[in-house]
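Report on the following structure.
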Amino acid sequence: MNEHSEHNTTHPDDNYEQRQQQMQLQEEELRLQQEERRIEQARRNLTVNRFLKGMFFLVSALETLLVLRFLLKFADANPDSLFSQVIYGWSSPFVAPFMNLFNDINLGNSVIEINTITAMIIYALLGTLAARLVEIVVGR
């Protein structure tokens, strides 16, 4: 009878091994969950970085356009030139909100468009603020 009862009961070593395996499985599950969170965060960061790079590109392109407009006006470029017409045509909608805010400075044939400079400053500030807002919203 003694032998029979020994076979029906579990050994303390068996319980210990089961608990060890259970703990290892739980640790592995926790590690996998942490890794999944890191991967998701990396994906989110990649998306945010791409968005911010796109914003930076657009603001830089706009600033370049406005600098070209400013330089053409300052250098008294021929307004009938195709290049001048394209630059003035593309930049006019972005300078329009600031027109008549300040008077231009005339230096003979050259013109310093203070309104274009103002537009450049405002758009650079808005781009910086928008990028910072995105970083705050996504928690970076």
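Counting from 1, position 2 in the sequence shown corresponds to residue 2 in the UniProt record's numbering; the numbering is continuous, with no gaps.
A virtual CB, placed ideally from N, CA and C, is assigned to each residue, including glycine.
Computed from a predicted structure; not experimentally measured.
1) Are three or more beta carbon pairs between the region 74-88 and the region 127-140 nearer than 8 Å?
2) When you compare the CB positions of L66 and T116, do they come within less than 8 Å of one another, or not?
3) Going by C-alpha distance, which of Q41, V111 and E28 is nearest V138?
4) Between the Cα of W90 and those of E63, D104 and Q24, spot the shortest distance and give me the residue it belongs to.
5) Name the two residues that bound the continuous beta strand (DSSP E) containing L107.
6) Can the beta-carbon of A119 be found less than 8 Å from the beta-carbon of F94?
7) With a 10 Å radius around its C-beta and 16 neighbouring C-beta atoms as the bar for buried, classify K53 as buried or exposed.
8) Identify whether S92 lies in helix, strand or coil by the three-state DSSP scheme.
On the basis of the data shown:
1) no
2) yes
3) Ranked by Cα distance from V138, the options Q41, V111 and E28 are led by Q41.
4) Of the candidates E63, D104 and Q24, E63 places its Cα closest to the Cα of W90.
5) I105 to L107
6) Inclusion of A119 and F94 in the CB contact set at 8 Å is warranted, their separation being smaller than that value.
7) exposed
8) helix
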